[in-house]
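Trainee:
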Amino acid sequence: MAIATGQDPALGRSVEAVRRLFAAAACSVALVDEEGETLRFVASDGAGADAIVGVTIPVSRGIAGWAAMSGQPIAVRDVQTDARFARDVAESTNYVPSSILAAPMMTTEGEVMGVTSVLDPSVEEASDWTLQVLGTLASQMALLLAGGHGPSTPSPAEALGRDVLRVVEAWQSGQPGHVGPSGTRSPGAR
Amino acid sequence: MSIEPAWSGAFDRGAIHEVAALPFAGVREWAFGGSTGAGVRVAVIDSGVDAEHPRVGGVVGGVAFHLDAEAEYGYVEDEGPHGDLVGHGTACAGIIRSIAPEAEIYSVRVLGANLKGRGALLHAGVEWSVEHDMHVANLSLSSKAEAMFGPLHEVADQAYFSGTVLVCAANNLPGPTYPSQYASVISVASRAGSDELALAYNPHPPVEFGARGIDVDVAWAGHGSITATGNSFAAPHVTAMVALMRSKHPWLTPLQVKAVLHAASDNSVPGPDS
Numbered sequence: 000m001a002i003a004t005g006q007d008p009a010l011g012r013s014v015e016a017v018r019r020l021f022a023a024a025a026c027s028v029a030l031v032d033e034e035g036e037t038l039r040f041v042a043s044d045g046a047g048a049d050a051i052v053g054v055t056i057p058v059s060r061g062i063a064g065w066a067a068m069s070g071q072p073i074a075v076r077d078v079q080t081d082a083r084f085a086r087d088v089a090e091s092t093n094y095v096p097s098s099i100l101a102a103p104m105m106t107t108e109g110e111v112m113g114v115t116s117v118l119d120p121s122v123e124e125a126s127d128w129t130l131q132v133l134g135t136l137a138s139q140m141a142l143l144l145a146g147g148h149g150p151s152t153p154s155p156a157e158a159l160g161r162d163v164l165r166v167v168e169a170w171q172s173g174q175p176g177h178v179g180p181s182g183t184r185s186p187g188a189r
Numbered sequence: 000m001s002i003e004p005a006w007s008g009a010f011d012r013g014a015i016h017e018v019a020a021l022p023f024a025g026v027r028e029w030a031f032g033g034s035t036g037a038g039v040r041v042a043v044i045d046s047g048v049d050a051e052h053p054r055v056g057g058v059v060g061g062v063a064f065h066l067d068a069e070a071e072y073g074y075v076e077d078e079g080p081h082g083d084l085v086g087h088g089t090a091c092a093g094i095i096r097s098i099a100p101e102a103e104i105y106s107v108r109v110l111g112a113n114l115k116g117r118g119a120l121l122h123a124g125v126e127w128s129v130e131h132d133m134h135v136a137n138l139s140l141s142s143k144a145e146a147m148f149g150p151l152h153e154v155a156d157q158a159y160f161s162g163t164v165l166v167c168a169a170n171n172l173p174g175p176t177y178p179s180q181y182a183s184v185i186s187v188a189s190r191a192g193s194d195e196l197a198l199a200y201n202p203h204p205p206v207e208f209g210a211r212g213i214d215v216d217v218a219w220a221g222h223g224s225i226t227a228t229g230n231s232f233a234a235p236h237v238t239a240m241v242a243l244m245r246s247k248h249p250w251l252t253p254l255q256v257k258a259v260l261h262a263a264s265d266n267s268v269p270g271p272d273s
């Protein structure tokens, strides 16, 4: 699968990595415009990638818009039955998914700057853990896009790095047969 | 301020530790048994509610907040009927209706076709709910804006002391989110299972409760339905539980409501000295 042309190379590598992590058909990033009214797809990897980059949709539209409005990650199965799924947009890319994960991307000030979407992830079930992983990765990509930070403020990248490590440690400590500090088991142990 | 993430993995990862609760024998029956939510005012602070959706079955009232740079506080308030652009509020209202069929649902629309001013409108929606004596308000949305920490904290405290229970979806993003992070609210994350009244208390807050939120068949825009996962769908289950108990026991304060939910959790056991 090819990364769409005409997009930021670093962001392109990120969406490719996320797509691979979820063994998904595609992954994309859409950003909110200055007026806060539209989402513009700026990076994509996988099925329909070339066709979706550059497409603009209202923030009230589709599963991506849903995540942007609520500020909450979401997983939807069988999106083709969803009246609000932006089906015409999907069809224009020649790829219509059956399931979507979407997570908002936040600026360092905590405003919604965009949405990361994953189409048809190869996960056994839609789980809360899956949304945690995507939420963390979406935050990482938001920092990548936001760039630097003021010298007097703590580094959001450092804080996020700790959060990512916490996720990884939780994952590793909860592998099948291993009981972590809180006595919980990993998703893999279910 | 804590930077602990409001993650909810505790409910998603196998066995949940027991927590010691007050010795309330038969608390679930006492709290929920036979209740329909009648007489309880429930605010759904969201994208609006499609009152005509079969799973919603009508709303009692509503208000929509819109940004307006000319207005004194930067927004205007329109009382009266309105729709749901995206289906989020309709999904929440449908869950509440299925558990508390006679609850009086009010749609408080703070999400629209523009993302500007999300935090300010969220604040306005909570304030409206307090001023209009809602018994419980569902917030399946949150803000991560640091600028909103103080204002939302203040109005959440007002809600707590005036008797409006705020039920807030936790967020799966790293770092704190408001108002779900506050001790004055009831924060909820997703938990697997099909039981609408299943509830677990997290021994490791800030996220306090886990409720059904994974692969939930929910109402959607266009009178449709979808199968969705997210903390957005867990919070309305707890909102409905609060409606059930406040219908039977209207005198319950937010402090008592949380204690009852704690005692009614599936993993609650009597304390060791009981």
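So the sequences go chain by chain: A and B. Residue numbers for the first sequence follow numbering that gives the first Met the number 0, beginning at 0 and rising by one. Residue numbers for the second sequence follow numbering that gives the first Met the number 0, beginning at 0 and rising by one. The beta carbon of each residue, even a glycine, is placed where N, CA and C say it ideally should be.
Could you tell me which uninterrupted beta strand (DSSP E) segments, each at least 3 residues in length, are contained entirely in the region 87-136 of chain B, listed from first to last along the chain?
Mentor: Counting only runs of 3 or more, we get 103-108.
Trainee: Of the choices 196(B), 174(B), 131(B), 112(B), whose alpha-carbon is the least far from that of residue 57(A)?
Mentor: Nearest of 196(B), 174(B), 131(B), 112(B) to residue 57(A), Cα basis: 112(B).
Trainee: Compare the C-alpha of residue 63(A) against each of 26(A), 107(A), 46(A), 45(A) and name the closest.
Mentor: Among 26(A), 107(A), 46(A), 45(A), the Cα nearest to that of residue 63(A) is on 26(A).
Trainee: Report all residues from its chain with a CB closer than 8 Å to the CB of residue 59(B); omit the five preceding and five following residues, and keep chain order.
Mentor: Within the same chain, residue 59(B) has close Cβ partners 40, 103, 104, 105.
Trainee: Return no unless some Cβ of chain B is closer than 8 Å to the Cβ of residue 127(A).
Mentor: True, the Cβ-Cβ gap to chain B drops below 8 Å.
Trainee: Per DSSP, what are the beta-bridge partners of residue 45(A) in this structure?
Mentor: 25(A).
Trainee: Tell me whether residue 238(B) is buried or exposed, calling it buried when 16 or more other Cβ atoms sit within 10 Å of its Cβ.
Mentor: Its Cβ being crowded by 16 or more others within 10 Å, residue 238(B) is buried.
Trainee: Provide the residue(s) that pair with residue 65(B) in DSSP beta bridges, ordered along the chain.
Mentor: Answer is 75(B).
Trainee: Quick check: is the beta carbon of residue 138(B) nearer than 8 Å to any beta carbon in chain A?
Mentor: Taking Cβ atoms only, chain A never reaches closer than 8 Å to residue 138(B), which makes this a no.
Trainee: According to DSSP, what are the bridge partners of residue 45(B)?
Mentor: Bridge partners of residue 45(B): 108(B).
Trainee: Any C-beta of chain B within less than 8 Å: which residues of the region 64-80 of chain A qualify?
Mentor: From the region 64-80 of chain A, only 64, 65, 67, 68, 69, 70, 71, 72, 73, 74, 75, 76, 77, 78, 80 have a Cβ closer than 8 Å to chain B.
Trainee: What distance in whole Å lies between the Cβ atoms of residue 112(A) and residue 31(A), which are believed to be in contact at a cut-off of 8 Å?
Mentor: Between residue 112(A) and residue 31(A) the Cβ distance is about 6 Å, and since that is below 8 Å, they are a contact.
Trainee: Please check if any C-beta of chain B sits within less than 8 Å of the C-beta of residue 134(A).
Mentor: So, interface residue.
Trainee: Which chain B residues sit within Cβ distance under 8 Å of residue 111(A)?
Mentor: Under the 8 Å cutoff, chain B gives 114, 117.
Trainee: Hey, how far is the Cα of residue 69(B) from the Cα of residue 218(B)?
Mentor: The straight-line gap from Cα to Cα measures roughly 36 Å.
Trainee: Is it buried or exposed for residue 147(A), if we count other Cβ within 10 angstroms and need 16 for buried?
Mentor: Note that residue 147(A) scores a pLDDT of 47, beneath 50, so its modelled location is shaky; the value from the coordinates is reported in the next line. Exposed, since its Cβ has fewer than 16 Cβ neighbours within 10 Å.
Trainee: Can you check DSSP and say which residues form a bridge with residue 40(B)?
Mentor: Bridge partners of residue 40(B): 103(B).
Trainee: In this structure, how does DSSP classify residue 39(A) when only helix, strand and coil are distinguished?
Mentor: In the structure shown, residue 39(A) sits in a strand (DSSP, three-state: E or B).
Trainee: When burial is assigned at 16 or more other CB atoms within 10 Å of the CB, is residue 103(A) buried or exposed?
Mentor: Buried is the call here.
Trainee: Taking buried to mean at least 16 other C-beta atoms within 10 Å of its own C-beta, is residue 78(A) buried or exposed?
Mentor: Burial call: buried.
Trainee: Mapping DSSP to helix, strand and coil, what is residue 50(B)?
Mentor: In this structure, residue 50(B) counts as coil in the three-state DSSP scheme.
Trainee: Report yes if the CB atom of residue 31(B) is closer than 8 Å to the CB atom of residue 196(B), and no otherwise.
Mentor: For residue 31(B) and residue 196(B), yes; Cβs fall inside 8 Å.
Trainee: Quick test of your reading: residue 110(B) and residue 49(B), contact by CB under 8 Å. State the CB separation rounded to the nearest angstrom.
Mentor: Not really, about 14 Å apart at Cβ, beyond 8 Å.
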